[in-house]
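Protein chains in written order, with our numbering: chain W, 141 to 613; chain H, 41 to 236. Using N, Cα and C, we set each Cβ at its ideal position, and we do this for glycine too. Since this is a predicted model, take the numbers as computed values, not measurements.
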């Protein structure tokens, strides 16, 4: 029986508290991550009703969105940010929740901190008032974003009312070409399946490419599931997952770890597992991918040209026209050579140590092009520390990048790092929506950290493969 | 919690696809600890760049039904987005489709988010543009929208419809009722019990 169940259904069933009168499942939540933006109103709802946090030890808070990445002295210069910071400190203190504040070396972007500390584990249900919670699916957890009213519900009951989604398996088989990264894989999938393609689905990523990926690469892929409309995306746990978790502070220790690992591996979808849908892609078709429009699905391989209006369905053309106009790009043009004003390496998508290593390797011995503002923002304090130990900060600074403290930074414009006017930003983040990076007319080109590094050095969008050492003989 | 069976009022058409929550409420307005005052910032950046934006247009200012395209509310999970629309005056949304997190947030606020076919959305949009005072009624019981002599079928997830019709759309009360079942479930989850 159970071998027909995929991981999603096994984990869902384990956490099923019962069926609510509305027909939804009441789902137990194994880990509730909170941050300063979407939690203050939830704690206020608890106070209004005289409720407490039901499982404070299954709740962990950090601060990331509003944290300045340059001057972090308290009180923050932005008084609204300071007010939010004081609020989460007060709420966590009063309700008994562990908080990684900026004076704590464990602080960082919530989706980087969870895995780093070993809080994120296979078989958990994980929620956070943040849509990129899908990141944690990289471990074979069911992880998804929720709204603030739901945050209040989870705080008070450790459960959530939810309809069960369908499961689509997305296989990418074969070998990725050199210069093609996890980010390119996820942008490619979103381009092919569309930004609405995942609505109603959880995505299971499977096949050669994901099997070979490191945990950090898997996190990049799962992170962007929501950009394809899928609230949740996951990868089955394997030895790579187990090896990553061994020794992490919040992971099981000693003989408990072996018991845990055995259970984790047993959750993986087996060969007879059933799905509502299966799609397959060939890894060799994927190029370094860059967005040209105002949704993460509007992307092309670096050697392709911006698609023409008539290549889209009639229903989509109004949105495409809006994208051309906003971006100042023309159908048929190449993105190579498009000048950039700002480059940003960081975010919950690509702010991990491996991202910084990839970029640093390309940057070494080069200089940021004149007139380009280039930022590198580690995703957590521990990523920052590791990078400094490896000398990556020096490589970036010598090349002319600004080396910043951990936070969400220029991904979303809730802190001082913002675009100005119609600036164009080559960004390793996850959203190229209108105004996303803080200027209502600012323009974002999403790409891998390596491609961002190439753009910073060239002053324009470039094919990173032209900067790489030839591989093999 | 009140039962929500019908919502009526004039309608504001914003029939574009993939309207994300950053556009509904730009992130700088999320620097707050309450949802108060978000209504006035709904679509602020879009409005500033487009003087003809429906949310800027005086003839739609008192609307309570929003008419939208596909994948409305995609992007971030910020409840600030439906909160800002609700505080602006929106009491129901008709769209071709919704992003899931946004849909759940609307339901939790008692704002019905219903879908209609592309043809019906376009036709209703034409009628509203021709007559901004047209009263549009979203009927969750009959699963229909009516406006003058126009009528069309609408759809909404059964669970959301049931919750709205029965006044249980604030899920907190339902969730709190099952404390014992919650504890029993926790007792059988391996990672909460030393993987025994």
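Check	Outcome
Which whole runs of the alpha helix (DSSP H) in the stretch 269-350 of chain W are 4 residues long or more, in chain order?	288-297 and 322-333
Under 9 Å, Cβ to Cβ, is there at least one residue of chain W near residue 160(H)?	no
Identify the continuous beta strand (DSSP E) that holds residue 410(W) and give its terminal residues.	No beta strand (DSSP E) contains residue 410(W), which DSSP labels as neither H nor E.
Using a Cβ-Cβ cut-off of 7 Å (strictly less than) and excluding sequence neighbours within five positions of residue 57(H), which residues of its own chain qualify?	109, 110 and 111
Which value, in whole angstroms, describes the spacing of the CA atoms of residue 357(W) and residue 421(W)?	18 Å
Residue 559(W) by DSSP, collapsed to three states: which one?	coil
What residues in the stretch 283-303 of chain W bring their beta carbon closer than 7 Å to a beta carbon of chain H?	285, 286, 287, 288, 289, 290, 292, 293, 296, 297, 298, 299, 301 and 303
Could one say the Cβ of residue 92(H) lies closer than 9 Å to chain W's Cβ atoms, at least one of them?	no
Measure the C-alpha to C-alpha separation of residue 41(H) and residue 528(W) and round it to an integer number of angstroms.	54 Å
Quickly, what does DSSP pair residue 138(H) with across the bridge? List them, please.	112(H)
Measure from the C-beta of residue 226(H) to each C-beta in chain W and report whether the shortest distance is under 9 Å.	yes
On the premise that residue 205(H) lies in contact with residue 181(H), defined as a C-beta separation below 8 Å, what is that separation, rounded to the nearest angstrom?	7 Å
Pull out every residue of the stretch 188-214 of chain H whose Cβ sits closer than 8 Å to any Cβ of chain W, in chain order.	197, 198, 199, 200, 202, 203, 206, 208, 210, 211, 212 and 214
Tell me whether residue 370(W) counts as near the ligand GDP, meaning its Cβ is closer than 8 Å to at least one heavy atom of that ligand.	For the ligand GDP, the structure offers nothing, since it holds no ligand at all.
Mapping DSSP to helix, strand and coil, what is residue 72(H)?	coil
Comparing C-alpha positions only, which one of 299(W), 274(W) and 177(W) sits nearest to residue 342(W)?	274(W)
Does DSSP classify residue 159(H) as helix, strand or coil?	helix
If we call anything under 9 Å between Cβ atoms a contact, is residue 268(W) one with residue 250(W)?	yes
What does the alpha-carbon distance come out to for the pair residue 153(H) and residue 574(W)?	24 Å
Among all the DSSP beta bridges, which residues are the ones paired with residue 514(W)?	483(W)
Taking a cut of 8 Å between CB atoms, which residues from the stretch 48-65 of chain H lie near chain W?	56, 57, 58, 60, 62 and 63
Please look up how many angstroms separate the CB atoms of residue 567(W) and residue 584(W), rounded, as I've assumed it's under 8 Å.	5 Å
Leaving aside the five residues before and after residue 503(W) along the sequence, list all residues of the same chain whose C-beta is less than 8 Å from its C-beta, in chain order.	535, 536, 539, 541, 593, 596 and 597
Which of helix, strand or coil does DSSP assign to residue 597(W)?	helix
Determine the DSSP secondary structure at residue 586(W), reduced to helix, strand or coil.	strand
For residue 435(W), does the three-state DSSP call read helix, strand or coil?	coil
What did DSSP end up calling residue 177(H) once you bin it into helix, strand or coil?	strand
Should residue 468(W) be labelled buried (16 or more other beta-carbon atoms within 10 Å of its own) or exposed?	exposed
Since residue 238(W) sits in a beta bridge, which residues does DSSP pair it with?	200(W)
Between residue 383(W) and residue 103(H), what straight-line distance do the alpha-carbon atoms span, to the nearest angstrom?	56 Å
Ends of the beta strand (DSSP E) at residue 373(W)?	372-375
Using a 10 Å radius around the Cβ and a threshold of 16 neighbouring Cβ atoms, would you call residue 192(W) buried or exposed?	exposed
What residue does the beta strand (DSSP E) around residue 165(W) start on, and which one ends it?	165-168
With H, G and I counted as helix, E and B as strand and the rest as coil, what does DSSP make of residue 213(W)?	coil
How big is the Cα-Cα spacing for residue 482(W) and residue 86(H)?	23 Å
By the three-class DSSP mapping on this structure, what secondary structure does residue 461(W) have?	helix
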